[in-house]
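First residue of the sequence shown? That's 577 in our numbering, and the numbers climb one at a time after it. See below for the structure under consideration.
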Amino acid sequence: MTAWPMLVVLALFFLGVPCSFAMMIVCIPYFLSDQYIQATVVAQKLLASCESQSLMAIPFFITAGAIMNYSGISEKLMEFADGLVGHLTGGLGHVNVLISTLMGGVSGSGAADCAMECKILVPEMLKYGYSKPYSAAITAATAVITPIIPPGINLILFACLCECSVGRLLASGYLPGLLLCVAFMVTNHIISKKRGYVGGRKRMMEGRKLFKLFLSSLWALFLPFGLIMLLRFGVCTATEGGVMMAFYSIFVGKFVYKKLDFKRMPQILVEAVNSTAPVMMILCAANLFSYYMSWENVPSTLTNALLNLTSNKYVFLILCNILFLVIGCFMDAMAAMIVIAPLLAPVVRALGIDIIHFGLVMCFNCGLAAITPPFGTYIFLVSGILKMKTGDMIRDLWPFIGIAVIVLLLVTYVPWFSTFIPNLMYGTL
């Protein structure tokens, strides 16, 4: 086996070269030096990922999320979250956690959630006496919830890579997402009580006002459940669901909340393209890198090596968690998942592990990697928007990383959390 491409890719990752460029820089010379492979094959492998109809769902969901940030949907969800928990100790921290959970069912993007909360919620937290590092830390941490709540982009991506049900995998994220939400709220309460962080209001909101907020946010709350129901009953595919969400967001923003200005559509589309392009670049490069690994027979070699190492599925799962936590410290987690998920899928099936459960665990790991120092993407995104040092923020981030690891282990070894709702909706496999 020719191993130098893998070694060079790892070296480029550590040097900070973008994942997509690193994989292309290595693979193109490797294939062109082989007399049996033509340059046209390399080009075809690069573009093959863009031709998948299932993966078309990703740009549509990203576009829908961008529209929602300008349509008033995010603001309505924030008002409703504040009405529910804004009066509690650490109330605005609770709002931060809850809005990330609700936004998971709207945008599916942790990065979009981070950017939105940095601009809207963090200034309010600072006004009520929350420290800037803590406000930044909880904003980054709670964005881990967003990608595992339907329609999380990573969930759709894993389902396409490993050829499993998109609907089942999306449904698997509800209970783990809610479990992580509760765990973060408990953590925020303990920290806020020690530091004296108060709520935005002194009293609980009146039931009538809270009910009005619920009704006004119902248009947004309907999105994740409506999407899952459409997929469950075969009304649409995931791609068609993404298109429907985009048009639904335009309708709600323009005719219900009346905050969407069509003059801003070019700006919205530019944001959507800027968010989609890195994902598709990584997909194309990872497809080429996967072709290299298939050419060198890496998948079967890795499968045999892992099965010889352990035939215990519980040991295998903890090894996978450790692998992703380490990889996530040094490279983009989505790129790692694109490369590694298809390699591990045969081992997962050989050990009798539910592929839906494993997919949820892997996507959870991807979110956790985004807040893991030193290269967590959410850390740099939040610190960049708030113009602060990452070191100050990371000190307040560790309690949330610790509690997220505990929840990850619970979800890993209690498959019921990720399989109950899919089995309830689709039946047991």
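Glycine residues also receive a C-beta, built at the ideal position from the N, C-alpha and C atoms.
> Would you call the region 942-958 and the region 760-771 touching, i.e. three or more CB-CB distances under 8 angstroms?
Replying inline: no
>> Quick check on this structure: which residue in K835, I634, K965, T948 has the alpha carbon closest to the alpha carbon of F734?
In response: Here residue 734 refers to the residue found at position 158 of the sequence shown. The shortest Cα separation from F734 among K835, I634, K965, T948 belongs to I634.
>> Tell me the rounded alpha-carbon separation between N941 and A796.
In response: If you number the sequence shown from 1, residue 941 lands on position 365. If you number the sequence shown from 1, residue 796 lands on position 220. Using only the alpha carbons, I get a separation of about 27 angstroms.
>> Taking only three categories from DSSP, how would you classify T886?
In response: Counted from its first residue, the sequence shown places residue 886 at position 310. Coil, per DSSP.
> In whole angstroms, what separates the C-alpha of Q843 from that of R925?
Replying inline: Taking the sequence shown and counting its residues from 1, the one referred to as residue 843 is at position 267. Taking the sequence shown and counting its residues from 1, the one referred to as residue 925 is at position 349. In a straight line, the C-alpha of Q843 is about 44 angstroms away from that of R925.
> In three-state terms, what does DSSP make of N873?
Replying inline: Stepping through the sequence shown from its first residue, residue 873 is reached at position 297. In this structure, N873 counts as coil in the three-state DSSP scheme.
>> Restricting to Cα atoms, I'd like to know which of Y867, G829, A912 is closest to Y606.
In response: Indexing the sequence shown from 1 puts residue 606 at position 30. The residue with the shortest Cα to Cα distance from Y606 is Y867.
> Can you tell me the Cα-Cα spacing of F838 and C757, whole angstroms?
Replying inline: If you number the sequence shown from 1, residue 838 lands on position 262. If you number the sequence shown from 1, residue 757 lands on position 181. Cα to Cα, the separation comes out at about 35 angstroms.
> If you draw a straight line from the C-alpha of M644 to the C-alpha of L678, how long is it?
Replying inline: The sequence position of residue 644 within the sequence shown is 68, counting from 1. The sequence position of residue 678 within the sequence shown is 102, counting from 1. Rounded to the nearest angstrom, the two C-alpha atoms are 13 angstroms apart.
>> Quick check on DSSP: helix, strand or coil for V593?
In response: One-based indexing of the sequence shown puts residue 593 at position 17. In the structure shown, V593 sits in coil (DSSP, three-state: anything other than H, G, I, E or B).
>> Can you list, in chain order, the residues of its chain with a C-beta nearer than 7 angstroms to that of L803? Leave out the 5 residues immediately preceding and following it.
In response: In the sequence shown, residue 803 corresponds to position 227, counting from 1. Excluding sequence neighbours, L803 sits near P726, P727, G817, M821.
>> I'd like to know whether the C-beta atoms of I977 and L944 end up nearer to each other than 9 angstroms.
In response: Position 401 of the sequence shown, counting from 1, holds the residue named residue 977. Position 368 of the sequence shown, counting from 1, holds the residue named residue 944. Yes, Cβ-Cβ distance for I977 and L944 is below 9 angstroms.
> Roughly how many angstroms separate the alpha carbons of N873 and V958, rounded to a whole number?
Replying inline: Taking the sequence shown and counting its residues from 1, the one referred to as residue 873 is at position 297. Taking the sequence shown and counting its residues from 1, the one referred to as residue 958 is at position 382. In a straight line, the C-alpha of N873 is about 40 angstroms away from that of V958.
> Would you say A688 and A657 are within 9 angstroms of each other, going by their C-beta atoms?
Replying inline: Mapped onto the sequence shown, residue 688 falls at position 112. Mapped onto the sequence shown, residue 657 falls at position 81. It is not a contact, given that the beta carbons lie outside the stated cut-off.
>> What would DSSP say about R808, mapped onto helix, strand or coil?
In response: If you number the sequence shown from 1, residue 808 lands on position 232. Of the three classes helix, strand and coil, the one that applies to R808 here is helix, per DSSP.
> Around the C-beta of P998, are 16 or more other C-beta atoms found within 10 angstroms, so that it is buried, or is it exposed?
Replying inline: Translated into positions along the sequence shown, residue 998 becomes position 422. That one is buried.
> What do you get for F831, buried or exposed, if any count of 16 or more other CB atoms within 10 angstroms of its CB means buried?
Replying inline: Taking the first residue of the sequence shown as 1, we reach residue 831 at position 255. The residue is exposed, with fewer than 16 neighbouring Cβ atoms inside 10 Å.
> Using DSSP with H/G/I as helix, E/B as strand and the rest coil, what is D689?
Replying inline: Reading the sequence shown from its first residue, position 113 is the one you call residue 689. Helix, per DSSP.
> Do C690 and I970 have their C-beta atoms closer together than 9 angstroms?
Replying inline: The sequence position of residue 690 within the sequence shown is 114, counting from 1. The sequence position of residue 970 within the sequence shown is 394, counting from 1. Not a contact, by the Cβ cut-off of 9 angstroms.
> From L746 to G783, what does the alpha carbon distance come to, in whole angstroms?
Replying inline: For the purposes of this step, residue 746 is identified with residue 170 of the sequence shown, where counting begins at 1. For the purposes of this step, residue 783 is identified with residue 207 of the sequence shown, where counting begins at 1. Spanning the two alpha carbons is a distance of roughly 32 angstroms.
> From R777 to G662, what does the alpha carbon distance come to, in whole angstroms?
Replying inline: Residue mapping note: residue 777 aligns to position 201 of the sequence shown, counting from 1. Residue mapping note: residue 662 aligns to position 86 of the sequence shown, counting from 1. If I take the Cα positions, the gap works out to 6 angstroms.
>> Looking only at its chain, what residues have a beta carbon closer than 8 angstroms to the beta carbon of M964, apart from the 5 residues adjacent to it on each side?
In response: Counted from its first residue, the sequence shown places residue 964 at position 388. Around M964: K708, P709, A712.
> Residue range of the alpha helix (DSSP H) that I932 falls in?
Replying inline: In the sequence shown, counting from the first residue as 1, residue 932 sits at position 356. Where I932 is concerned, the enclosing alpha helix (DSSP H) stretches over 931-945.
>> Quick check on DSSP: helix, strand or coil for R771?
In response: Here the question's residue 771 lines up with position 195 in the sequence shown. DSSP places R771 in helix when its eight states are reduced to three.
>> For S825 and I649, which I take to be in contact (beta-carbon distance under 8 angstroms), what is that distance rounded to the nearest angstrom?
In response: As a first step, residue 825 must be located in the sequence shown, where it is residue number 249. As a first step, residue 649 must be located in the sequence shown, where it is residue number 73. Indeed, because the Cβ distance is near 7 angstroms, the residues count as touching under 8 angstroms.
> Less than 9 angstroms separating the beta-carbons of M938 and R744?
Replying inline: Residue mapping note: residue 938 aligns to position 362 of the sequence shown, counting from 1. Residue mapping note: residue 744 aligns to position 168 of the sequence shown, counting from 1. Going by C-beta atoms, M938 is not nearer than 9 angstroms to R744.
> My guess is that S676 and T616 are in contact by the Cβ rule of under 8 angstroms, so how many angstroms apart are they, rounded?
Replying inline: Indexing the sequence shown from 1 puts residue 676 at position 100. Indexing the sequence shown from 1 puts residue 616 at position 40. Not a contact, Cβ separation roughly 45 angstroms.
>> Assuming the contact rule is C-beta atoms closer than 8 angstroms, I858 and C603 should be a hit. Round their C-beta distance to whole Å, please.
In response: Here residue 858 refers to the residue found at position 282 of the sequence shown. Here residue 603 refers to the residue found at position 27 of the sequence shown. About 13 angstroms; that fails the 8 angstroms criterion.
>> Taking its Cβ as the centre, do 16 or more other Cβ atoms sit within 10 Å of Y750, making it buried, or is it exposed?
In response: On the sequence shown, position 174 is the one that residue 750 refers to. Buried is the call here.
> When the Cα of L660 is compared with those of A717, F589, F790, which residue comes out closest?
Replying inline: On the sequence shown, residue 660 is found 84 positions in, with the first residue counted as 1. The option with the nearest alpha carbon to L660 is F790.
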